[in-house]
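**Student:**
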Amino acid sequence: MFCPMQLDCKTMTGVIYNCPNLSECLQNSTLDRMEALRLYFLNQGIPPEDIKINGQSSPLRPYFHRRFAYNTDYQTRDLIIFGNPVEWDEDLNDIKPFYQLSLAQLQQIIEQGFADPAAQQNNSPTIQAFLQFAQAQASKGFQFAFEGYAISPFRDDYRVSVEGIIYRGNYPYQMLVEFYEFVGEPDEIDVQSHYLRAWWD
Numbered sequence: 001m002f003c004p005m006q007l008d009c010k011t012m013t014g015v016i017y018n019c020p021n022l023s024e025c026l027q028n029s030t031l032d033r034m035e036a037l038r039l040y041f042l043n044q045g046i047p048p049e050d051i052k053i054n055g056q057s058s059p060l061r062p063y064f065h066r067r068f069a070y071n072t073d074y075q076t077r078d079l080i081i082f083g084n085p086v087e088w089d090e091d092l093n094d095i096k097p098f099y100q101l102s103l104a105q106l107q108q109i110i111e112q113g114f115a116d117p118a119a120q121q122n123n124s125p126t127i128q129a130f131l132q133f134a135q136a137q138a139s140k141g142f143q144f145a146f147e148g149y150a151i152s153p154f155r156d157d158y159r160v161s162v163e164g165i166i167y168r169g170n171y172p173y174q175m176l177v178e179f180y181e182f183v184g185e186p187d188e189i190d191v192q193s194h195y196l197r198a199w200w201d
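Residues 1 to 201 (the UniProt record's numbering) make up the sequence shown, in order.
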C-alpha cells in the first residue's frame, strides 16, 4: 500500500496512484515523517529509485523549503487588493475575501512579498502557477481574475490565499482545453458559454 495512513487505497477509492485523499493522509499520518513522505511519492507514481530521501535531487525538497517571510505592511497590502484601507479588529479572527483580483494585482502582491508563490489552497495550484497560467492566457488576449482572501495582521497565520480563478468573456475551444488541463479536479467548477470558474475548498 502506497498510503501514508496505511489505508487500502485501492479498496477505498478504486485507485493506487494519485489518490484524491493523498494530501490529507500525509498530513494525518502517524508514520515517521520520512516514511510517510516516501509513501506519498510512491503513490504519485515516482519510481523508488528516484526517491532519494537524503539526496540532493530528492523530490522531497519542496516540503522542507524555508518558511516564507511575509511583508507585514498590511496597509499597503490591503490597498493593493481592496483599493482602500481595511479596519481589522484585533479581537476577531478576521479574514476578508476578494473576488476579482486582477493579474496585475496578483503579480504586485507576489513581488512585494505579500503572497508566498509556493502557497496553495489545499489541492489547488500554487500561487505562482496561477500567475504563470494567467500570464500565458493574457498573452493570447484572455484576462483571468482570482478569488481568495486576506488574513488579519493580528493573526499568526497572516497571509494572502488564492482559492479560485475566473474568466468572463468569449473563449475558443483551445482555451477551454487549457483551462481544464490547468485546474484539474477542483472542488467546484463552472463552465458556461461566457464564464469559467474553478474553486478549491
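All C-beta atoms, glycine included, are put in the ideal place defined by N, C-alpha and C.
1. Thinking G148 and G164 are a contact (beta carbons under 8 Å), I'd like their distance in whole angstroms, please.
2. Taking buried to mean at least 16 other C-beta atoms within 10 Å of its own C-beta, is S124 buried or exposed?
3. Beta-carbon within less than 6 Å of D116's beta-carbon, same chain only, minus the 5 sequence neighbours each way: which residues are those?
4. Return the CA-CA distance between N84 and Q132, expressed in angstroms with no decimal places.
5. Let me know the secondary structure DSSP gives A198 once reduced to three states.
6. My output table needs one value for P59: the three-state DSSP class, helix, strand or coil.
7. Could you give the C-beta distance for I127 and A145, rounded to a whole number, given that I count them as a contact under 8 Å?
8. What residues match up with D190 in a beta bridge as DSSP calls it?
9. Would you check if there are 3 or more beta carbon pairs closer than 8 Å linking the region 149-161 to the region 86-98?
10. According to DSSP, is Y99 helix, strand or coil?
11. Checking 9 Å against the spacing of the C-beta atoms, do A198 and V177 come in under that value?
12. Give every residue of the same chain whose Cβ lies closer than 6 Å to the Cβ of G141, excluding the five residues on either side of it in the sequence, and list them in chain order.
13. When you compare each of Q120, D201, Q112 and Q192 to residue 228 by their alpha carbons, which one comes out closest?
14. Considering only the beta carbon of each residue, do I109 and R77 sit closer than 9 Å?
15. With distances taken Cα to Cα, identify the nearest neighbour of Q105 among Q135, D94 and Q120.
**Tutor:** In short, the structure shows the following:
1. 7 Å
2. buried
3. F68
4. 27 Å
5. strand
6. Any reading at P59 must be qualified, since the residue scores a pLDDT of 42, below 50, and its modelled position is unreliable; no value is offered.
7. About 14 Å; that fails the 8 Å criterion.
8. R197
9. yes
10. strand
11. no
12. none
13. Because the chain in this structure spans residues 1 to 201, residue 228 falls outside the shown range and cannot be described.
14. yes
15. Q135
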